[in-house]
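Engineer: Got a structure for you, questions after.
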Amino acid sequence: MPAGKLHIIPLGGLGEFGMNCMALRWGDDIIVIDAGLMFPEAELLGVDIVVPDISYLLENRQHVRAIILTHGHEDHIGGLPWILSELSVPVYGTEFTLAYVEEKLEEHQLLDETVLEEIRAGQRFKVGPFTINPIQVTHSLVDCVSLAIHTPLGVVIHTGDFKVDPTPTDNRLFDLHSFAEYGKEGVLALLQDSTNVERPGYTPSERAVRRKFDEVFSRTQRRLFISCFSSSIHRIKLAIELAYEYRRKVALVGRSMTDSTEIAQDLGYIEIPDGQLIHPGEIKNYPPDRVCVMISGTQGEPMSGLSRAAVDNHKHAKIEPGDTVVLSSRIIPGNEKAIYRMIDHLFRREAHVIYEDGSQPPVHVSGHASQEELKLIMNLVKPRYFIPIHGEYRQLKRHAEMAASMHGAVGSVIMLESGDILEFDELGARKVGRAPVGRVCIDSGSRTDVVEDLVIKDRRHLSEDGIVLPIIAINKLTGLVETAPEIVMRGFAPGLAENGFLAEARTIVTNTLETSSEEEKSDYGVIKEKIRQDLKRYIVKNTQRRPLIMPVILEI
Ligand SMILES: [Zn+2]
Ligand SMILES: [Zn+2]
């Protein structure tokens, strides 16, 4: 065995949900697997996205050779613009993954200066001392791969996200053979997705959703709205197929839904018959039973298409009594309040709402492997070392316990958290220290702005740009705004004639309130986000500064 040390350093995603990013190092060569983001929790209101601290990569910038992507979900590629703006390095990914990446980089004006290398399942490529073999796997997105990384000390398999779907809608099968072959040859370490380790049994195939969709299409008399993640290509494909069968035109509402469907169409994952697609503006021209609207916003995001339609504030997507709304997605922990609030609004519109409530057949299936699938891969791969990845602490721990009980399949189990440095050499494996890790909050500007520079809103930034608190008093009983909004600023001096600026800012907030419907005003999540966006636009335009804006609603 060659002398030398292999380091595995998770920079995010181990012990937290999202923000997946991991460095592998042999001598002077580092590769990075995935560069994800995390969506901010409610307490971080005022920032748009959260990305991993990459100080370790910046300190070793001359050694970083490549970023290699397993698939195109935001928790794997969403941090790329931020990382690439700090560190210029080639990005490897499959065709579909790179299509998402291109769009993202274009938005941040990073596309021209970034080298993108397309990879294919089964085609090995070399980066420094590593030979990497992408292995085709199935997941809720298409064109996803696990990575078998040949290092001087042995093969490390990083599963990425996966489930073992025996009947994927695109007929591109999970390559169990390659996993088995590596198992026969010997694998140093298996790093496996822990997301669904708490679920017994097997995760149903993407095709399982078809029965429910079929039932919905056959029963629905009026307009049908279907919401899913814009990256749920299998789901969009299914909806479009059924819409065709049931003679409904399809309208795509929301930029992410439109863009994602277009990419899937370009790359041959979705076929849309001529004349099937209509512009959202044409919805009103068709009888309600001839239209299917694909709309984004399953998580109750305040500015999304569905949230706006739910409070009757969308230009084209009007939900009327008797319409049906399908939420074909999971309720992501932390988003429950926003989602149920949106569902309440939909009930107020007298719509039939179909969401994941445990009933069968399912309206949504997970994209991650359950216990039996996880065990299957362990059995095929038979790694000397097993390391659970992608999960909160309890999930990593349960995955580690499961692996430890797999005598015969798994050698030793190692629990890592983001920042731990795991070292392998000819003698074995051990933790040898910590790399700096953490969350960096970024305000990337609203999605509709064409380009805005990335702005880091860490503490330093906060102390430079300060904080603005618009305070709105709402009468709890009547729901009316009681007095003119107050605006408190700390550490932020607008630099204009102070009073004029403040007065104008208050007018902006008043306008936002006046132009919002009663339902929007009663939904604090929605109204706070609207105020934040409007005020931010005004402040950026007039001061070129980016204070943290946190609307506060006082119930009196
Ligand atoms: Zn994923
Ligand atoms: Zn993921």
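Here the sequence shown stands for residues 277 to 832, where the numbers follow our numbering. The beta-carbon is built from N, C-alpha and C at its ideal position, and this holds for glycine as well. This one's a predicted model, so the numbers in the text were calculated from it and none came from an experiment.
Use the C-beta contact count for Gln-412: other C-beta atoms within 10 angstroms, 16 or more gives buried, fewer gives exposed.
Structural biologist: The residue is buried, with at least 16 neighbouring Cβ atoms inside 10 Å.
Engineer: Among all the DSSP beta bridges, which residues are the ones paired with Trp-302?
Structural biologist: DSSP output for Trp-302 lists Leu-282, Asp-305 as bridge partner(s).
Engineer: Pairs of beta-carbons, one from the region 521 to 537 and one from the region 613 to 626, closer than 8 Å: are there three or more?
Structural biologist: As far as the Cβ criterion goes, the region 521 to 537 does not touch the region 613 to 626, which means the pair count is below three.
Engineer: Using the C-alpha atoms, what's the distance from Gln-468 back to Thr-435?
Structural biologist: Those two C-alpha atoms are separated by around 5 Å.
Engineer: Would DSSP call Ala-711 helix, strand or coil?
Structural biologist: Note: Ala-711 maps to coil in three-state DSSP.
Engineer: What does the alpha-carbon distance come out to for the pair Arg-337 and Gly-742?
Structural biologist: Distance between the alpha carbons of Arg-337 and Gly-742: 31 Å.
Engineer: Between which two residues does the alpha helix (DSSP H) harbouring Asn-818 extend?
Structural biologist: Element bounds for Asn-818: 800 to 819.
Engineer: Tell me whether Ala-465 sits in a helix, a strand or coil according to DSSP, three-state version.
Structural biologist: The answer is strand: DSSP assigns Ala-465 an E or B state.
Engineer: Within this structure, are the beta carbons of Ile-750 and Glu-805 separated by less than 7 Å?
Structural biologist: Contact flag unset, no.
Engineer: Buried or exposed for Ile-671, please, with buried defined as at least 16 other CB atoms from any protein chain shown within 10 angstroms of its CB.
Structural biologist: Residue identity check: residue 671 is Gln in the sequence provided, not Ile. Under this definition Gln-671 is a buried residue.
Engineer: Run through the region 408 to 434 for me and flag every whole alpha helix (DSSP H) of 4 or more residues, listed as ranges in chain order.
Structural biologist: Entirely contained in the region 408 to 434, not one alpha helix (DSSP H) run reaches 4 residues.
Engineer: With distance defined between alpha-carbon atoms, name the residue in Tyr-616, Ile-306, Ile-425 nearest to Ala-465.
Structural biologist: The candidate whose alpha carbon is nearest that of Ala-465 is Ile-425.
Engineer: Within the same chain, show all residues whose beta-carbon is closer than 8 Å to that of Pro-712, passing over the 5 residues directly before and after it, in chain order.
Structural biologist: Cβ within range, chain order: Asp-329, Ser-331, Tyr-332, Gly-695.
Engineer: When the distance is taken between beta carbons, is Val-639 closer than 7 Å to Ile-571?
Structural biologist: No, the Cβ-Cβ distance between Ile-571 and Val-639 is not below 7 Å.
Engineer: If we count the other Cβ atoms within 10 Å of its Cβ and call it buried at 16 or more, is Ala-760 buried or exposed?
Structural biologist: It counts as exposed.
Engineer: Can you grab the Cα-Cα spacing for the pair Ile-548 / Ile-516, in whole Å?
Structural biologist: Cα to Cα, the separation comes out at about 7 Å.
Engineer: Give, in chain order, every unbroken run of the alpha helix (DSSP H) that is at least 4 residues long and sits entirely within the region 609 to 689.
Structural biologist: Here the runs fully enclosed are 612 to 624, 647 to 657, 669 to 680.
Engineer: Just to check my reading of the structure: His-644 and Asn-472 have Cβ atoms closer than 8 Å, yes? What is that Cβ distance to the nearest angstrom?
Structural biologist: Contact holds; Cβ gap of about 4 Å.
Engineer: Kindly indicate the opening and closing residues of the alpha helix (DSSP H) around Lys-488.
Structural biologist: 485 to 495 is the extent of the alpha helix (DSSP H) around Lys-488.
Engineer: Look up Leu-603 in the DSSP assignment and say whether it is helix, strand or coil.
Structural biologist: Strand.
Engineer: Hey, how far is the Cα of His-683 from the Cα of Leu-449?
Structural biologist: Approximately 29 Å between the Cα atoms of the pair.
Engineer: Mark Arg-808 as exposed unless 16 or more other C-beta atoms lie within 10 angstroms of its C-beta, in which case mark it buried.
Structural biologist: Answer is buried; the Cβ neighbour count reaches 16.
Engineer: Between Val-602 and Glu-378, what straight-line distance do the alpha-carbon atoms span, to the nearest angstrom?
Structural biologist: Cα to Cα, the separation comes out at about 30 Å.
Engineer: Please classify Ser-681 as buried or exposed, where buried requires at least 16 other C-beta atoms within 10 Å of its C-beta.
Structural biologist: Its Cβ having fewer than 16 others within 10 Å, Ser-681 is exposed.
Engineer: What separation, rounded to the nearest whole angstrom, lies between the Cα atoms of Lys-460 and Leu-452?
Structural biologist: Taking the straight line joining both Cα atoms gives about 13 Å.
Engineer: Indicate, with yes or no, if ligand 1 has a heavy atom lying under 6 Å from the CB of Gln-640.
Structural biologist: Gln is not the amino acid found at residue 640; the sequence shown has His there. Not so, every heavy atom of ligand 1 lies at least 6 Å from the Cβ.
Engineer: For Lys-658, which residues from the same chain have a beta carbon less than 6 Å from its beta carbon, with the 5 sequence-adjacent residues on both sides left out?
Structural biologist: Hits under 6 Å: Gly-459, Ala-685.
Engineer: Evaluate Thr-783 with the Cβ neighbour count: other Cβ atoms within 10 Å of its Cβ, from every protein chain shown; 16 or more gives buried, anything less gives exposed.
Structural biologist: By the neighbour-count rule (16 or more Cβ atoms within 10 Å), Thr-783 is not buried but exposed.
Engineer: Just how far apart, CA to CA, sit Asp-729 and Asn-611?
Structural biologist: For Asp-729, the pLDDT reaches just 37, beneath the cut-off of 50, and the residue's location in the model is therefore unreliable, leaving the point undetermined.
Engineer: Ignore the nearest five residues each way along the sequence and tell me which others in His-283's own chain have a CB closer than 6 Å to its CB.
Structural biologist: Counting only Cβ-Cβ distances below 6 Å, and skipping sequence neighbours, we find Arg-301, Ile-697, Glu-699.
Engineer: Where does the unbroken alpha helix (DSSP H) through Glu-371 begin, and where does it stop?
Structural biologist: Segment 371 to 383, the alpha helix (DSSP H) holding Glu-371.
Engineer: Is it true that the CB of Ile-353 sits closer than 7 Å to the CB of Leu-345?
Structural biologist: Going by C-beta atoms, Leu-345 is nearer than 7 Å to Ile-353.
Engineer: Measuring CA to CA, which of Met-826, Ala-279, Gly-291, Ile-554 is closest to Arg-674?
Structural biologist: It is Gly-291.
Engineer: Check each candidate in Ile-502, Val-432, Pro-480 and name the one with the smallest Cα separation from Ser-604.
Structural biologist: Looking at the Cα atoms, Ile-502 is the closest of the given residues.
Engineer: List the DSSP bridge partners of Ser-503.
Structural biologist: DSSP, once it has assigned bridges, lists Ile-571, Leu-603 as partnering Ser-503.
Engineer: Would you check if the distance between the CB atom of Val-431 and the CB atom of Val-403 is smaller than 7 Å?
Structural biologist: Against a cut-off of 7 Å, the Cβ pair of Val-403 and Val-431 comes out as no contact.
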